[in-house]
Amino acid sequence: MSRPFLRTELCDMLGIEYPVFSAGMGPVAGGAEPVAKADLVAAVSEAGGLGVIGGVAYSPEDLRAEINKVRAKTDKPFGVDLLLASNFLHVRGGIFSTPAKNAGSEQASPSRDLVPPETRDALRKMAENLGIEWLEAPPPPPTWEVPEGQSYAGAQMEVLLEEKVPVFASGLGSPAPFSRALTDAGIKIVSLVGNARAARRVAEGGADVVVAQGTEAGGHTGKIGTLALLPQVMDAVAPLPVVAAGGVADGRGLAAVIAAGAIGAWCGTAFLVSDEANQPALQKQRILEAGTEDTVVTRLYSGKTMRNITNPLIESWEASGIRALPMGLQGVLTRDLLHSISAAGRDDLLMNAAGQTSGMLTETRPASEILHEMVADASHLLGARLSQRVQVQVAV
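Going by the numbering used here, the first residue of the sequence shown is number 1051, and it counts up by one from there.
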């Protein structure tokens, strides 16, 4: 069977065959490792798209090792996704907020004393109503220290620069502090945004490509729908190229955003159920079983708005009225609750990030098959099928 054909400006810019990214998806279901590891990244890149490592939780040494694993599997371009926020410190089991200074030696996680007694009582009651025995979580073991004078992201960025990774992507923060070094190293900068204001900020900060991510997307997401957001971001950063994210899981979605002016698509949920995704079987199955309205946006798991497959814990959290803490500190609030749930074997209540396209997905498949079908259907729709359905007269 011949390979499908679909090219845009993005393909020429990144040296890829198809204008599709697989998202740099991070840790899920209480784990410390990302969904988007070498197997998924290499499979997508080898198939003609651009795979992206979910690098946020990696130490510099582990990130370098994962990059090398990708290169052992493919010689095609790929990317790494990091968070650009100097006030985040990683400890195993979560991202915790710290003062904006070098906190490399301060590996103790924030104290549970930050949680008011009435909130802890409400969380205990929540666990009780779900049939979960309340347990206090042990402190997370320390992980790598940030070198003196560097931020968390800066230490990781040194690896990207040394390894000359083809593409750097970020869903949080401006690339401005690193854009000169990245550009000088020949690394393309891709920045995800959820509104036009953020789009202008990352464009001014040196992004080569802006990704307009609509609220349909899984994981951390904003409030604006993709087809409403896309043209506003395009207008805000023109002539910078824009990629669309959120609601793209098949050829119809890919064709739609290209027709609307995007030069490609950033796809997460479609690849969450790929064979190569580092995702527990239960979480994959819950995505496949999800219906049209089975995702919900919640701050429960990270403190930021995150689209997730709904479950009784989320429903209980939303009904409780408990106010989430900012990203970084939310893990302190929920640490004991989520530890109790995990100890009880109730993985169905853990984080299961996924987008609204979950209702379209029905089976696990190789990432290459997902990508090729998406591209083939989009190519056919943008070509033969569209010309049969729509008549256009061009004025001379």
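Yeah, the Cβ is synthetic: ideal placement off N, Cα and C, and Gly gets one too.
Please read these numbers as outputs of a predicted model, since none were measured by experiment.
When DSSP states are grouped into helix, strand and coil, L1290 belongs to the coil group. For the options W1184, I1364, I1372, T1271, the alpha carbon positioned closest to that of G1297 is the one of T1271. As a beta-bridge residue in DSSP terms, D1131 pairs with G1104, A1219. DSSP links T1407 through a beta bridge to no other residue.
Residue range 1417-1430 is occupied by the alpha helix (DSSP H) that includes M1424. As for any alpha helix (DSSP H) of minimum length 4 sitting wholly inside the region 1323-1404, the runs are 1331-1339, 1362-1370, 1380-1393, ordered along the chain. In the three-state DSSP reduction, Q1263 falls in the strand class (E or B). Nearest to D1258 by C-alpha distance, out of V1091, T1407, L1242, is L1242. Around M1424, the same chain offers D1300, G1301, L1304 as residues with beta carbons nearer than 6 Å, after the five sequence neighbours per side are excluded. In this structure, the CA atom of E1083 is about 25 Å from the CA atom of G1098.
In this structure R1357 is not in contact with N1402, their Cβ atoms being roughly 10 Å apart against a cut-off of 8 Å. By the beta-carbon neighbour count (other beta carbons within 10 angstroms, threshold 16), K1334 is buried.
DSSP, reduced to helix, strand and coil, places G1181 outside both helices and strands of the structure shown, so it counts as coil. Here DSSP, grouped into helix, strand and coil, assigns S1161 to coil. Between P1110 and V1209, the C-beta spacing is below 9 Å. A check of alpha carbon separations from A1172 across G1395, E1419, E1368, R1396 identifies E1368 as the nearest. Under DSSP, the beta-bridge partners assigned to K1238 are V1217.
When the five nearest sequence neighbours on each side are left out, the beta carbons in the same chain lying within less than 6 Å of the beta carbon of A1295 are those of V1261, Q1263, A1267, W1316, in order along the chain.
Your pair G1256 and I1239 checks out as a contact, with CB atoms roughly 6 Å apart and the cut at 8 Å. A direct Cα-Cα distance of roughly 16 Å separates A1331 from K1087. Taking a 10 Å sphere around the C-beta of E1343, we find fewer than 16 other C-beta atoms and assign the residue as exposed. Annotation for A1315: the continuous beta strand (DSSP E) segment containing it runs 1315-1317.
Beta bridge pairing from DSSP links P1084 with P1077. In the DSSP assignment, F1071 is bridged to L1100, W1316. Per DSSP, L1056 lies in no alpha helix (DSSP H) segment and is marked neither H nor E. Contact annotation: G1076 and G1353 have beta-carbon atoms that are not nearer than 9 Å.
Non-local beta-carbon contacts of D1398 in its own chain, meaning distances under 8 Å to residues more than five positions away in sequence, involve L1332, R1336, N1361 in chain order. Of the residues assessed, P1376 falls on the exposed side of the cut-off, its CB having fewer than 16 other CB atoms within 10 angstroms. By the C-beta criterion, the region 1376-1390 is judged not to be in contact with the region 1059-1070, since fewer than 3 inter-stretch pairs fall below 8 Å.
A contact between stretches requires three or more CB pairs, one per stretch, nearer than 8 Å, and the region 1198-1206 fails this requirement with the region 1176-1190.
Its chain contains I1239, G1255, G1256, A1257 as the residues whose beta carbon lies nearer than 8 Å to that of S1229, once the 5 sequence neighbours on both sides are disregarded; these appear in chain order. In terms of Cα proximity to T1319, the closest of L1400, M1410, I1364 is M1410. Secondary structure note for D1112: its alpha helix (DSSP H) is the uninterrupted segment 1110-1123. Residue range 1246-1254 is occupied by the alpha helix (DSSP H) that includes E1254.
Cβ atoms of I1313 and V1293 come within 8 Å of each other, at about 6 Å.
The beta carbon of L1211 is closer than 8 Å to those of A1231, L1232, A1235, I1237 in its chain, skipping five residues each way along the sequence.
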